[in-house]
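Numbering (this note's numbering), first residue to last: 5 to 438.
Yeah, the Cβ is synthetic: ideal placement off N, Cα and C, and Gly gets one too.
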Ligand code: CAO
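Here it is as structure tokens:
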């Protein structure tokens, strides 16, 4: 047999009328015992009214934005069609669970549940217009929205509400979580305003091309590094005339060994030597920002351009390998990168990264540090040009290098000492063995 319950506004203290700021159910919804039905808010407090019984909502008597007083009808529930649900056992007896008070009130009994105290009884002031709330101004949101945000791990102090008086709505939480998950918009709560969405088709024909998985992953990594690391880039150039002659003199031998001896293998060797000389460049900042973790191994990430986007496989223990071995490994790992056959271990453990665009061109660029590493070396195209040596001009092959570094860890003087050391090692590669 079905029983119809009228749920009425419970004792609301000193207030005659309070606002209905949320209606959390609709006609036809099945509700369980203790499920929040509406949220009421006075000047001083907000409270949820829980359902006194399990059943189906057959009528809603309140309106969002309206006002109600004690004893006013909220809604009616048809209770007998559904088996009464027990409150969640795992939760145990809760301070928040309201006793089900059912009073006979004419043909339909009226239930006057106890209001459930809101986690924040005091009404917080609305956040500053347009800006995100700060911890100094508690976010203005209903208990249901707070619970929803808690469930998703969204920090309400980082949201601004689109509701009346800056109230944070469920939709605001959803939009925030979506932005964070897609790496767009507020960038994990940094407060950076999102780029406006524009319908480009208004201005001309467009085509949508889905991003590859690699491109999406590297976009997220680059964005994270860009936002976390205060970058400075130090440019310099190395005279690699002699190094290039040395490389060319060994091309045949390299070919016999089955490897392609490009400049990069020598660069890796020289970088490892400079890292050994400047250990801070081969470090990471401890997560608490209190110390540096100096790595006593030299694993170099090498940026590889693939059809699906940028990947950074790692060549290990560069300091203890010869250039032929490095050239062989480089060819093998960059080949696998281009075929999409890298294993997770191939892209882990780098202590510093080299990004060489020299085979393509360019004069200088500002690479983005691959955090938590603290430095990355960008390499552009070597050009032969006249250089003064003493009083005379001589044609020299000059290699532009661009070192980006984390300025929290490396100061400008250390950075330029590092590039100076590197350039002199490249100018005379014999220094690497010293
Ligand atoms: N200056 C002049 N020539 C250079 C050079 C430089 N700095 N670096 C390489 N070259 C030459 C090579 O010697 C080679 O010449 P040959 O064909 O005559 O032997 C040619 O350019 C092509 O070299 P390569 O690029 O195939 O080989 P590499 O060892 O120099 O580089 C790799 C390997 C995997 C790093 C490179 O192929 C690559 O993918 N680079 C792109 C990295 C990238 O996208 N970085 C950007 C990251 S930030 O968005």
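Leaving aside the five residues that flank residue 16 on each side, the residues in its chain whose CB is nearer than 8 Å to its CB run, in chain order, 22, 44, 46, 51, 73, 74, 119.
Inclusion of residue 378 and residue 414 in the CB contact set at 8 Å is warranted, their separation being smaller than that value.
Contact annotation, residue 340 with residue 346: C-beta distance approximately 6 Å; criterion of less than 8 Å satisfied.
For residue 308, the distance from the CB to the nearest heavy atom of the ligand CAO is below 7 Å. The beta-carbon separation of residue 62 and residue 31, rounded to 7 Å, stays under the 8 Å limit for a contact. In this structure, residue 311 has its beta carbon at no less than 7 Å from each heavy atom of the ligand CAO. Within its own chain, the residues whose Cβ lies closer than 8 Å to the Cβ of residue 156, once the five positions on either side in sequence are excluded, are 177, 181, listed in chain order. Only residues of its own chain outside the window of five on either side were considered, and among them 301, 303, 353 have a CB closer than 8 Å to the CB of residue 320, listed in chain order. Of 227, 10, 312, 365, the smallest CA-CA separation from residue 58 is found for 10. Contact check for residue 67 against residue 24 passes: the beta carbons are separated by less than 8 Å.
Beta-carbon to beta-carbon, residue 296 and residue 289 are separated by about 6 Å, close enough to satisfy the 8 Å threshold. Proximity of the beta carbon of residue 279 to the ligand CAO is not indicated: no heavy atom of the ligand is located closer than 7 Å.
Listed in chain order, the non-local C-beta contacts of residue 283 below 6 Å within the same chain comprise 298, local neighbours out to five positions each way being set aside.
DSSP, reduced to helix, strand and coil, places residue 266 outside both helices and strands of the structure shown, so it counts as coil. DSSP links residue 35 through a beta bridge to 59. CA-CA distance, residue 331 to residue 208, rounds to 47 Å.
In this chain, the alpha helix (DSSP H) harbouring residue 424 covers 416–431. In this structure, residue 148 sits away from residue 281, with a CB-CB distance that is not shorter than 8 Å.
Distance between residue 270 and residue 375, taken at the CA atoms: about 24 Å. The continuous alpha helix (DSSP H) containing residue 147 extends over residues 147–156. At a threshold of 7 Å, residue 354 does not count as near the ligand CAO, since its beta carbon sits no closer than that to any of the ligand's heavy atoms.
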